[in-house]
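**Q**
Number of protein chains: 2
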Amino acid sequence: MARESTPNSTPQIKAQLIEAQDRFIASWGRMGSVWGISRTMAEVHALLYITGVPMCTDEIMDRLRVSRGNVSMSVRSLLEWAVIEKVRLPGDRKEYFQAEQDVWSMLRAIARERIKREVDPLLGALDEIGELSPQIGSNSPEDVIALHHRLDEVREGFGLITTLTHKFAGPRGAGLQTAAKLLAKAPVGRPTKRHKATESKRNPRRGSRS
Amino acid sequence: MARESTPNSTPQIKAQLIEAQDRFIASWGRMGSVWGISRTMAEVHALLYITGVPMCTDEIMDRLRVSRGNVSMSVRSLLEWAVIEKVRLPGDRKEYFQAEQDVWSMLRAIARERIKREVDPLLGALDEIGELSPQIGSNSPEDVIALHHRLDEVREGFGLITTLTHKFAGPRGAGLQTAAKLLAKAPVGRPTKRHKATESKRNPRRGSRS
DNA sequence: ATGAGATTTCAGAAAAATCTGAAAATAGAA
DNA sequence: TTCTATTTTCAGATTTTTCTGAAATCTCAT
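As you go down the protein sequences, you meet chains A and B in turn.
To convert, count from 1 in the first sequence and add 71; that's our numbering.
To convert, count from 1 in the second sequence and add 71; that's our numbering.
Structure follows, in structure tokens:
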């Protein structure tokens, strides 16, 4: 039950531990920016996850060397993502935060959020565009038909992805993990015969320029 | 075979068509920034995909209103992603570009690239961190054990994801589509019983504060 | 209610990403 | 090879995102 420190902890080991944590935090933070979340937000999450210790705003500020405002906003987003939660310690007025400790729940949260922010808006836009574009009649010009065809394909592809995400990446449940294991065993589909340029046979350039 | 224009195309319809294309391009471009690729790169791809027409640098510049340098760099990235390809028209010195027309191939490319840029570096870092951190002995302090445990969990989770991606998102083949359909049918896993705070029983704060 | 401590907000500062434009490099035709 | 259309490169400009810090707001024990 860890008191002043943990058993057997030499200062030497403690330093290595912190070094390792910092490296993890840095890597996770770097990824964060690639995921479209701020570096700090990712770092706060990494810190809470890798240490497993609930921390308050000041502790996070000190450890990551970032401003109070930044921590406040990052924490709020993480709470929305549901990958950390508030903890109150009796007799302490501060709020502490602790990370969800199950990796899969974390991965599900990431998947969910990304779909929400990336795919849903696209699907919405696709619907609007479909309505707005010239409707298909008995003898529409071929480029109008092609447009609808492509819009439909994109909608179908991303639609399927959204459905799957809702199915497997709910905030609770072993969905993602199940899916992953299922797929790991499944045989992979045979390559399709290459059909480049499904649409533009030969080269449909020339004309239809301006 | 479309000559001066397409059959039945009134100027009215043509305008609507272009309007719809532009909206698609704009949406795709917006998504691009969320995917960590530049807006222009996404727009170039959208333009080539939605029109289906091979275009040269100047045509892309004119349609998207961006600089030559920007188009050049975007096109290069798209070629690396393998979602567009070069086309040469005999008797024309310019290079034309045309988009892969199969949505799934496009989705696979996106998945592949994201894994390469986001997950692979993380896995590399995790290995390094594992070596660098205090090694586990017969009676290591509990926080060192916990660190290794968490590093392993993360590595395992993302490792599985990488494996799946390599399996299902190769540049050829119907892998992703197969996987998606497979999953769409599969029964979803039963929710796990909630086990919050797996790690920190009670509240392991106090002490170990430094 | 009061007030000390804690959190949120947000305008402006700082940093990062993206884009431009023109010079340099390249590549095809003759 | 030479000439020229085309492409690439990259320093600096622009735009976007993120961060800071302090004032405003909130909240809870008394």
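For glycine and all other residues, C-beta sits at the position ideal for the given N, C-alpha and C.
Expressed to the nearest angstrom, what Euclidean distance is found between the alpha-carbon atoms of Thr236/A and Gln248/B?
**A** Residue 236/A sits at position 165 when you count from the first residue of the first sequence. Residue 248/B sits at position 177 when you count from the first residue of the second sequence. Their backbone Cα atoms lie some 14 Å apart in a straight line.
**Q** According to DSSP, is Ile96/A helix, strand or coil?
**A** Along the first sequence, read from residue 1 onward, the residue named residue 96/A stands at position 25. Note: Ile96/A maps to helix in three-state DSSP.
**Q** Given that a residue counts as buried once 16 or more other Cβ atoms are within 10 Å of its Cβ, and exposed if not, what is Ala113/A?
**A** The residue given as residue 113/A occupies position 42 in the first sequence. Burial call: buried.
**Q** Can you tell me whether Ala196/B is helix, strand or coil according to DSSP?
**A** Counting from 1 along the second sequence, the entry for residue 196/B is found at position 125. Helix, per DSSP.
**Q** Within the 7 Å Cβ cut-off, does Met102/A reach chain B?
**A** Your numbering for residue 102/A matches position 31 in the first sequence. Answer yes: the Cβ-Cβ gap between Met102/A and chain B drops below 7 Å somewhere.
**Q** Within the continuous alpha helix (DSSP H) that includes Lys157/A, where are the two ends?
**A** Against the first sequence, residue 157/A aligns to sequence position 86. Counting along the chain, Lys157/A falls outside any alpha helix (DSSP H), though it belongs to the beta strand (DSSP E) covering 155-159.
**Q** From what residue to what residue does the alpha helix (DSSP H) around Glu171/B run?
**A** Here residue 171/B is taken as the residue at index 100 of the second sequence, counted from 1. Here Glu171/B belongs to no alpha helix (DSSP H), and DSSP marks it neither H nor E.
**Q** Determine the burial state of Ser143/B: buried for a count of at least 16 other Cβ atoms within 10 Å of its Cβ, exposed for fewer.
**A** Here residue 143/B is taken as the residue at index 72 of the second sequence, counted from 1. Ser143/B is exposed by the Cβ-count criterion.
**Q** From the beta carbon of Phe95/B, is the nearest beta carbon of chain A less than 7 Å away?
**A** For this step, residue 95/B is matched to residue 24 along the second sequence. Yes, its Cβ sits closer than 7 Å to a Cβ of chain A.
**Q** Where does Asp191/B land, buried or exposed, given buried means 16+ other C-beta within 10 angstroms?
**A** Translated into the one-based positions of the second sequence, residue 191/B becomes position 120. With fewer than 16 Cβ atoms within 10 Å of its Cβ, Asp191/B is classed as exposed.
**Q** Here's the rule: buried if 16 or more other CB atoms are within 10 angstroms of the residue's CB, otherwise exposed. What is Met214/A?
**A** Residue 214/A sits at position 143 when you count from the first residue of the first sequence. Before going further, note that residue 214/A is Asp rather than Met in the sequence given. Flag for Asp214/A reads buried.
**Q** The alpha helix (DSSP H) that contains Ser145/A, what's its start and end?
**A** If you number the first sequence from 1, residue 145/A lands on position 74. Element bounds for Ser145/A: 139-152.
**Q** Determine, using beta carbons only, whether Gln87/B comes closer than 7 Å to chain A.
**A** For the purposes of this step, residue 87/B is taken as residue 16 along the second sequence, with counting starting at 1. Cβ-Cβ to chain A under 7 Å: yes for Gln87/B.
**Q** Considering only C-alpha positions, which residue in the set Asp163/B, Glu184/B, Trp175/B is nearest to Leu150/B?
**A** One-based indexing of the second sequence puts residue 150/B at position 79. Of the listed residues, the one whose Cα sits closest to Leu150/B is Glu184/B.
**Q** If you pair each beta-carbon of the segment 165-175 of chain B with each one of the segment 118-129 of chain B, do three or more pairs fall below 8 Å?
**A** With a cut-off of 8 Å, the segment 118-129 of chain B and the segment 165-175 of chain B count as touching, because enough Cβ pairs lie within range.
**Q** Taking the alpha helix (DSSP H) that Thr236/A belongs to, which residues open and close that run?
**A** Here residue 236/A corresponds to residue number 165 of the first sequence, with the count starting at 1. Taken as a continuous stretch (DSSP letters only), the alpha helix (DSSP H) holding Thr236/A covers 213-239.
**Q** Return yes when the Cβ of Ile216/A is within less than 7 Å of the Cβ of Arg94/B, no when it is not.
**A** Position 23 of the second sequence, counted from the start, is the residue given in the question as residue 94/B. Position 145 of the first sequence, counted from the start, is the residue given in the question as residue 216/A. Contact: no.
**Q** What residue from Ile89/B, Lys238/B, Pro82/B has the CA that sits closest to Ala180/B's CA?
**A** Locating residue 180/B in the second sequence gives position 109, counting from the first residue. Cα-wise, what sits closest to Ala180/B is Lys238/B.
**Q** From Arg243/B to Leu178/B, what does the alpha carbon distance come to, in whole angstroms?
**A** Counted from its first residue, the second sequence places residue 243/B at position 172. Counted from its first residue, the second sequence places residue 178/B at position 107. Rounded to the nearest angstrom, the two C-alpha atoms are 12 Å apart.
**Q** Under the DSSP definition of a beta bridge, which residues are partnered with Glu166/B?
**A** Stepping through the second sequence from its first residue, residue 166/B is reached at position 95. Answer is Arg159/B.
**Q** Beta carbon of Glu283/B, beta carbon of Met102/A: below 7 Å?
**A** In the structure as shown, chain B starts at 72 and stops at 281, and residue 283/B therefore has no counterpart that could be examined.
**Q** Name the residue from Ser148/A, Gln172/A, Lys85/A, Ala153/A whose alpha carbon lies nearest to the alpha carbon of Ile121/A.
**A** Walking along the first sequence from the start, residue 121/A turns up at place 50. Minimum Cα distance to Ile121/A is reached at Gln172/A.
**Q** Who are the near neighbours of Ser145/A in its chain, counting only those whose CB is closer than 6 Å to its CB and skipping five residues on each side?
**A** Here the question's residue 145/A lines up with position 74 in the first sequence. So the qualifying residues of the chain are Thr111, Met112, Val115.
**Q** Would you please verify whether the beta carbon of Ile181/B is less than 7 Å from any beta carbon of chain A?
**A** Walking along the second sequence from the start, residue 181/B turns up at place 110. Cβ-Cβ to chain A under 7 Å: no for Ile181/B.
**Q** So which of Leu118/B, Ser138/B, Arg139/B has the shortest CA-CA distance to Val154/B?
**A** Counting from one through the second sequence, the residue named residue 154/B turns up at place 83. Cα-wise, what sits closest to Val154/B is Leu118/B.
**Q** Whole angstroms is fine: what's the gap from Val32/A's alpha carbon to Gly123/A's?
**A** Nothing about residue 32/A can be reported from this structure: the residues present for chain A run from 72 to 281 only.
**Q** Does Gly228/A come within less than 7 Å of chain B when only Cβ atoms are used?
**A** Taking the first sequence and counting its residues from 1, one reaches residue 228/A at position 157. Output row for Gly228/A: interface = yes.
**Q** Using beta-carbon positions only, say whether Leu253/B and Ser98/A come within less than 7 Å of one another.
**A** In the second sequence, the residue the question calls residue 253/B occupies position 182. In the first sequence, the residue the question calls residue 98/A occupies position 27. Against a cut-off of 7 Å, the Cβ pair of Ser98/A and Leu253/B comes out as no contact.
**Q** Apart from the five residues just before and just after Gly100/A, which ones in its own chain have a Cβ nearer than 8 Å to its Cβ?
**A** Translated into the one-based positions of the first sequence, residue 100/A becomes position 29. Cβ neighbours of Gly100/A beyond the five flanking positions: Arg110, Thr111, Ala113, Glu114, Ala117.
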